[in-house]
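Residues in the sequence shown are numbered consecutively from 857, following the working numbering.
Here's the structure, in structure tokens; my notes come after.
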Amino acid sequence: MLFTQATNSNANLFQKYSLGTLRNHVLPTIWTLLSPINTYLDEKSLQLTEKCKNLQSDLNSLFNRTKRQKEDDYLQIITDIQNCPWKRQAEEYENFRAKLTSCCDAIQNFVVSQNNTPVGTNMSYEVESKRTIPIGENIFHMLPASQPFVEYPYNQCAVVGNGGILNNSLCGAEIDKFDFVFRCNIPPTNGNVSKDVGSKTNLVTINPSIIMLKYQNLKKKAEFLQDIATYGDAFLLLPAFSYRANTGPSLKVYHTLRESKARQKVLFFHPKYLKQLGLFWRTKGVDAYRLSTGLMIASVAVEMCENVKLYGFWPFSKTVENTPVSHHYYDNQLPKRGFHKMPKEYSQFLHLHMKGIIKLQFGKCET
């Protein structure tokens, strides 16, 4: 088993947190300590347990700083988190998933389908919301009849980011054991990197800018088809209706795969789902211009899966041991400045990890 179910037999050892002055200083948009966090119950060391319980408060304090947060401050908290035992908290998981479902309902709405987008729909773009696109027969017939994930809910799911922290991690074999593996932006998975990142892929996203720049709007069709062949029969997920400029390249991917009789199937992110998801995370303090693909997919995974583990999510320039880390495991190309709020997003992942909702892999995997 990749995850261990928690028990709360020691819960009475600890008193409830007193918010006190914390309530007056922590923004209402941040995770609050309304009840004891039972994720870190360790009979062997009450001192360690108390320190682990206080990490939520430490992270909130760092998150709420008006000045720019220092990378070393995050790394110190992560070092402390790594020393704390992790246990899945079923009640916390169900509560968080219920909130996501109430807001966004990924199962029904995260991909555009014939069921949620009938012919004649005048669909608004996610970001350019004043612009719309009419859904005629041509686009309608590109869509799945309904959500295509027939084995939902999946038991064990991995969301694999592209962080350089995956280099030399030896996580590949562990990742490939999951029931469903999500990846972002068609990263390389074959060759030498597979020992670190795995090769199994069930769903992978594609940023249309990759189609435009790397594959020259599919003038390099043969190279594109060769690259995606490594994903087997995975779903290819594109944000076709986030910006108007995304639509052409995304539809071109659909037609290219169909004409080439490729094994992969194309799906399109629903713009309304992404907009609602952005509002959901804004209430948690993530005020990015747009969410990162990683946070979008991790949110989907929580609704689709019973257990979620994240690999390759690391927005820092070095490890906790002070070793330099490239931005991606395959290159060091940095994202557009100010476009995503990576430290704030990562803080949310840390909160979810500490609450026993998801599990973060911070470094090398046990072999």
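Quick reminder that beta carbons are idealized off the backbone N, C-alpha and C, glycines included.
For residue 1093, the enclosing beta strand (DSSP E) starts and ends at 1091–1094.
Counting other Cβ atoms within 10 Å of its Cβ, residue 1025 reaches 16 or more and is therefore classed as buried.
If you draw a straight line from the Cα of residue 1108 to the Cα of residue 1171, it is about 32 angstroms long. Counting of Cβ neighbours within 10 angstroms places residue 1135 among the exposed residues, the total staying below 16. In terms of CA proximity to residue 1139, 956 leads the group 940, 906, 956 and 937.
Under the DSSP assignment, residue 1011 falls in the beta strand (DSSP E) whose first and last residues are 1010–1016.
Ranked by how close their Cα comes to the Cα of residue 1101, the residues 949, 1144, 983 and 909 have 983 in first place.
Here DSSP, grouped into helix, strand and coil, assigns residue 990 to strand.
Assignment of residue 1023 by DSSP, reduced to helix, strand and coil, places it in the coil class. Between residue 1163 and residue 1012 a beta carbon distance of about 5 angstroms is seen, short of the 8 angstroms cut, so the two are scored as contacting. The closest CA to that of residue 938, considering only 986, 1084, 967 and 908, is found on 908.
Here the stretch 958–969 makes contact with the stretch 1115–1129; the two share three or more CB pairs at distances below 8 angstroms.
In the three-state reduction of the DSSP assignment, residue 1180 falls in the strand class.
Counting other Cβ atoms within 10 Å of its Cβ, residue 1046 stays below 16 and is therefore classed as exposed. Spanning the alpha carbons of residue 1158 and residue 1038 requires a straight line of approximately 12 angstroms. Bridge partners of residue 1039 according to DSSP: 1016 and 1060. The Cβ atoms of residue 1168 and residue 1021 lie closer than 8 angstroms to each other. Residue 1175 and residue 1154 have their C-alpha atoms spaced approximately 22 angstroms apart. Closest option to residue 1054, judged by alpha-carbon separation, among 1216, 1043 and 1214: 1043. For residue 1162, the enclosing beta strand (DSSP E) stretches over residues 1161–1167. Beta-bridge analysis with DSSP links residue 978 to 990. Checking the DSSP bridge columns, you'll see residue 1122 partnered with 1092.
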